[in-house]
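Under the UniProt record's numbering, the residues of the sequence shown are numbered 1 to 1015, in order. One structure is given here, and the rest of the page talks about it.
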Amino acid sequence: MKRIYQFLVSTSFMGFLLLVMAFSMAIATFVESSYGTPAAKALVYNTHWFELVFLLLGISLIHNFLKYRQYTMKKLTVGIFHLSFIVIVIGAGITRYISFEGMMHIREGESADHIVSSDSYFTVEANGQEVTERVLFSELSPKEFSEKMEIDGQSVRIKSVGFVKDAVRTPVESHSGDPVVDFVISAGEGMENFTFGKGQLVNLGPATVGFEGQADVRFEQEGSQLFIVADRDMEIRSMAGGEPELVPAGTRSEVKLMHLYAFDGYLVLVKKFFEKAALRVAKGSPESSNEDAVIVEISDGERQAIVNVFGRAGQIGDPVTYLVGNTPVKLTYGSKPVHLPFSLKLHDFQLERYIGSESPSSFASEIQLLDPERDVKRDVRIFMNNTLQYRGYRFYQSSYDQDEGGTILSVNKDFWGTMVTYLGYLLLTVGMILSLFNKNSYFQFLVRHLKMSGKAKMAVVMLGLLFAGNQSMAQSPSTAGIPRLDEQLVEDFSQLWVHGRDGRIEPMSTLSSEILRKLSRKSTLNGMSSDEVVLSMHLFPELWRSVQFIKIDKEIAASIGLQDKYARVIDLFDLDGNYRITEQVRAAFAKAPAFRSKLDKEYIFLDERINISFMVFKGDLLTFFPPENQTDAWWAVGSNPTGYPAADSLFVNRSFNLLADGVKSDSDIQPRQIISTVAAFQEKFGAGILPSEQQKSAEMLYNKYQPFKRVFPWYLLVGFVLLIILFVNIFRQKPMHKITRYSFSGLIYLGFLIHTVGLIVRWYISGRAPWSNGYESMIYVAWAAMLSGIIFGRKYPMVLGTAAILSGITLFVAHLNWMNPEITPLVPVLKSYWLMIHVSIITASYGFLGLSAFLGILVLVLYAIMKKSNQKNVDHFIDQLTTISELSATIGLYMLTIGTFLGGIWANESWGRYWGWDPKETWALITAVIYAFIVHMRLIPSLRGRYNYNLATVIAFTSVLMTYFGVNYFLSGLHSYGKGSADGIHWAVYASVGAITLLAIWSYINYKKFEEIAE
């Protein structure tokens, strides 16, 4: 037994458990992407074996805490953050087994006193017995339920044997069946099929339709006949033609086949009424079905029957009754209602839209809290990042009804789970930070080791990391037929102040740059600057409607008959002027963010581009005119403003019409004079709020010179040349000359200074921390990578050169066309200080981990070129590189871990759960686990060694890339806010993987020829 225990708490087995944990979670994210969250939970996250992994890791942590006396003052900091993981797991256990979460749906003017559980349950009721089990049905886990019950003196086995996602009901005659109505509903654009048993209904928005019960329009059975009755007037229209028949509200009418029942713009057609029918199951699609089906086998040992039970997580299931002998057995699948000791009444649901757009920018619920038990009655407002907390429950704004007449709130009750977990987060953060400064920690040991070898000469080799872009072959938008504008007129236009969408006053050049990047994902358009494009779009809207400049997803393009990567505005409208993607956009916005697919997001992006185009055409974005009351929004061109003298009001309304006339004709109107007059108008009415001319100049320079786009070739060139020189010195057996080293260091420092100033200016320009979308986080990662190189490379030019290469490549990737800079204000969920802290820390960690990976590549190169003549010299370089890599990886791991769990706090404040196995947070945890394994490889006898460590850092960085790119651009999840999506994997990725694989093989073969020293 002792030997078994020693094995279970050994570092080797602990390392194995970490890899099992990481590998399992990685598989689960792909399972979730293909089969849904229930499948991932059923196969991995909610399994007992996965919990056992955590339990065994916890036992090992406690064992090592005692074995290595981490409770002593010398090692207390390390002990604190190791024990913090146990506290976090305990908190997670409380959340999983004691707490619960769900959703509350409330219509305006109505109250609700129950929530619908997020978990799904399968319930069997018979002879006064009831068995309820929480289940995770999916196509990969159909056999979640199995129970034996005594019914009429017989032992009956009831078990699930199959599961059909997006099930479609097909009724067939059956003597043991129930009444069923098979009908369709149309709203003018397509139709939807429904198969209802008694008690079922569907909410259409203005009315509910159902089979008996409390529906507004309902079918009622009387013997073998079916009637229809409504609380409003209806028309009955024969499909054979003839005059429609008016049916007054409350009048019962026998249902006729081949007749349409019309009300509120909807048409109902009854296909067939079954007095007794059983429902067969067929596989449908998400668009054709809103329920799933569990295939249940009921057996008493002699006879067995198959029963289909319909339901879905998030919906209260409708029971299906089956007779076993003479005893009815009721089967139910779905979520269950959880009653609250109080109720919420929705007074008003408020949806704010972007100006001139149907797209929502924010939404909120005006709620009245009613608790007669405690004599509480108060009004509250719930919106994103502003929750209601009452009696242990927390309510969060999640989604809304498509008719905007109801709200959907997410609810949780998890006080103790949250508090224990937060305590674990606090211990983790404090312990890790203090460990960096504890002289007895391994981190400080590495620092001392590096100082001891600091006087040794350093050298490095550059692996060929040349990226050949394929941009020349990419399709570009065409602007043929668009007249060019006078350059000086465009320059004057770019300097006008404009009131941005987020309330910030900025030069027009900033807004126009963002507009063009949003519309086309380009900074220029066939030689036209962004300022010229925007001004031209406003002056020549009819011409631009027929120009291919709107970036469009290829799947959406194919669905509307396009083959290009760019669409015209007119392509999105049919001949009658109807918007061709209205339904898809509405459906996408109505979904909670966690349930939006990649295609949903692409529809939202495309809708945003179309809306922005019309806002430019009309001038809604060109808000150039400050109001008399300087706290109000600015007036856009063409507005009919109030509060001005008559002449000024007329100028606001007509100025850009005159500008268009002056540009299009040879009239006496001077276009530049009109722009000059607009600028004077701004000075007259906005003198007290306009930024200074110096601020304008700084922002104009930023837009003109684009520091990040210019600094990345600087980093690449200087870093590459520096490493080449060092490479040559390896064979010359000479150190780098001080003047050369200082010169290259100075050039890199200059680039870093420009990079830093650019970040500061961008922060100023955007009005927020520069890491809120894909582009900004990439330039921040590049900055963090360069900072890590400067920290560790003051005495080691090879580290500095490596960091410059890494930063340059990162900035290069940031400027690929599929990066999607935002021009609209942050979505509400991102307006959180917890997000700012979380993203800044976790994103900066990528820079340190990236430096460690690049140093690992350089070590592999050094192993590959090692010879007897240079073995001692190269081995010394490898030792220093490995030490710096360990320092960088440790800092990166600490920052990644702290940042990940701070993200849990943000998620809890925004969504109501601190951990939900979202792909992004899961991959961040996977990466942390992998790097935890790597920094502990030195404790595993079979894996310790510099070669193994450096190879591991290179391989592990693929997890960082998956965390950042793979999730953000290829998977759905909560973290896709403000993110773009890539059009596929770039060829350079495959080339890089192949090159690194060859390098690893080459270096390993050469490494085995030499006996390692100083292990």
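Each residue gets a CB set at the ideal place from its N, CA and C atoms; glycine is no exception. No experiment lies behind these values; they were computed from the predicted model shown.
Alpha carbon to alpha carbon, what distance is there between residue j and residue i?
i      : j      : result
Ile556 : Arg609 : 14 Å
Met104 : Leu925 : 30 Å
His114 : Phe194 : 27 Å
Gly177 : Glu275 : 8 Å
Gln673 : Asp492 : 10 Å
Gly109 : Leu344 : 10 Å
Phe263 : Pro38  : 39 Å
Ser869 : Pro735 : 16 Å
Gln682 : Phe625 : 6 Å
Thr922 : Leu370 : 38 Å
Leu974 : Phe965 : Legend: pLDDT at Leu974 = 49, less than 50; position of this residue unreliable, no value from coordinates given.
Leu887 : Val447 : 8 Å
Leu999 : Ser597 : 38 Å
Ile842 : Ile884 : 20 Å
Pro770 : Gly431 : 28 Å
Val78  : Met937 : 17 Å
His82  : Lys377 : 46 Å
Asp233 : Val255 : 15 Å
Asn820 : Ser777 : Only weak support exists for where Asn820 lies, its pLDDT of 46 falling under 50; the value from the coordinates is given anyway. One C-alpha to the other measures close to 11 Å.
Ser33  : Asp553 : 20 Å
Leu170 : Ala277 : It should be noted that the sequence gives Thr, not Leu, for residue 170. Roughly 10 Å separates the two Cα atoms.
Per DSSP, which residues does residue i bridge with? Please list them.
i      : result
Trp635 : Phe625
Phe194 : Phe183
Arg237 : Leu260
Thr327 : Val324
Could you check which residue in the options has the C-alpha nearest to that of residue i?
i      : options                        : result
Ala313 : Val255, Thr756, Gly36          : Gly36
Ala928 : Phe848, Leu485, Glu291         : Phe848
Ser365 : Arg374, Ser289, Glu373, Asn386 : Asn386
Tyr780 : Gly242, Thr810, Leu800         : Thr810
Ile235 : Leu226, Val217, Ser224, Lys554 : For the record, residue 235 in the displayed sequence is Glu; it is not Ile. Considering only alpha carbons, the answer is Val217.
Tyr863 : Trp1002, Leu943, Arg580        : Trp1002
Ser523 : Asn640, Ala590, Lys709, Lys413 : Lys709
Asn46  : Phe137, Arg303, Ser529         : Phe137
Phe273 : Phe196, Ser118, Ser840, Phe957 : Phe196
What residue range does the alpha helix (DSSP H) around residue i cover?
i       : result
Lys518  : 508–520
Ile1001 : 987–1007
Gly153  : Note, Gly153: premise wrong, no alpha helix (DSSP H); not H, not E.
Trp497  : From DSSP, Trp497 is part of no alpha helix (DSSP H) but of the beta strand (DSSP E) over 497–499.
Ala215  : Careful: Ala215 lies outside any alpha helix (DSSP H) and carries neither H nor E.
Glu487  : 487–494
Thr123  : Segment 120–126 is the beta strand (DSSP E) holding Thr123; no alpha helix (DSSP H) there.
Arg448  : 442–452
Got a sec, what are the start and stop residues for the beta strand (DSSP E) residue i sits in?
i      : result
His114 : 111–117
Tyr425 : Counting along the chain, Tyr425 falls outside any beta strand (DSSP E), though it belongs to the alpha helix (DSSP H) covering 415–435.
Asn203 : 201–203
Asp292 : 292–299
Phe573 : Taken as a continuous stretch (DSSP letters only), Phe573 belongs to no beta strand (DSSP E), as it is neither H nor E.
Met104 : 100–107
Asn308 : 304–311
Arg3   : Taken as a continuous stretch (DSSP letters only), Arg3 belongs to no beta strand (DSSP E), being part of the alpha helix (DSSP H) at 2–8.
Tyr393 : 393–400
Leu226 : 225–230
Glu275 : 266–283
Arg381 : 376–383
Any beta-carbon of chain C closer than 8 Å to the one on residue i?
i      : result
Ser530 : Considering every chain present, this structure includes no chain C. It has just one protein chain.
Please confirm whether any heavy atom of the ligand SAH lies closer than 7 Å to the CB of residue i.
i      : result
Glu532 : In the structure shown, the ligand SAH is absent, as is every other ligand, since no ligand is present at all.
(Q) Between the segment 290–307 and the segment 57–65, can you find at least three pairs of beta-carbon atoms closer than 8 Å? (A) No, the segment 57–65 is not in contact with the segment 290–307.
(Q) Quick test of the definition: if touching needs 3 or more C-beta pairs under 8 Å, does the segment 379–397 touch the segment 317–326? (A) Fewer than three Cβ pairs drawn from the segment 379–397 and the segment 317–326 lie within less than 8 Å of each other, which leaves the two stretches out of contact.
Q. With contact counted as at least three CB pairs below 8 Å, one residue from each stretch, are the segment 428–448 and the segment 126–134 in contact?
A. No, because fewer than three Cβ pairs between the segment 428–448 and the segment 126–134 fall closer than 8 Å, the two stretches do not touch.
Q | Stretch pair the segment 407–421 + the segment 84–97: three plus CB contacts closer than 8 Å | A | Segments in contact, yes.
Q.
Using a Cβ distance threshold of 8 Å, determine whether the segment 144–164 contacts the segment 277–292, with at least three qualifying pairs required.
A. Counting C-beta pairs closer than 8 Å gives three or more between the segment 144–164 and the segment 277–292, which meets the contact rule.
Q.
Any contact between the segment 510–518 and the segment 529–544? By contact I mean 3 or more CB pairs, one from each, below 8 Å.
A. Short answer: they touch.
Q: Indicate whether the contact test is met: 3 or more Cβ pairs, each with one atom in the segment 634–652 and one in the segment 576–583, closer than 8 Å.
A: No, they do not touch.
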